[in-house]
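K.L.:
Dumping the structure here so I can ask a few things about it.
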Amino acid sequence: MSTSAISTEYLKLSVSERIQLVEDIWDSIAAEASETIELSQAQKDELHRRVAAHRTDPSTAVPWEEVRSRLFLGKS
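Reminder that position 6 of the sequence shown reads as 6 in UniProt numbering, one-by-one numbering, no gaps.
This is the structure in structure tokens:
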């Protein structure tokens, strides 16, 4: 299937279905390339900052299920 045919088909999906498709594609890429994807120093620094912030106050964390629900329902 050509890229243009794929584009035509995925645009027929609902927003939530497209989000799920992107998640699935990303997971497949991550599974194949987990050893070859390198984080930049800025990304590493941001991860360290976030982990430190979480350790300082874990109560500010939002469970993934809640984040995902907000994304799919379009609520903030």
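Glycine included, each C-beta is placed from N, C-alpha and C at the ideal position. Source: prediction; values computed, not measured.
So which of Val15, Asp57, Glu32 and Thr8 has the shortest CA-CA distance to Phe72?
P.N.:
Put simply, of Val15, Asp57, Glu32 and Thr8 the residue whose alpha carbon is nearest the alpha carbon of Phe72 is Val15.
K.L.:
With a threshold of 7 angstroms on Cβ separation, who are the neighbours of His54 within its own chain once the five nearest residues in sequence on each side are excluded?
P.N.:
Once the five neighbours on either side are set aside, the close Cβ partners of His54 are Ala61.
K.L.:
Classify Asp24 as helix, strand or coil using the three-state DSSP reduction.
P.N.:
helix
K.L.:
Output the boundary residues of the alpha helix (DSSP H) element that contains Ile6.
P.N.:
Thr3 to Tyr10
K.L.:
Under a three-way DSSP split, which group does Val51 fall into?
P.N.:
helix
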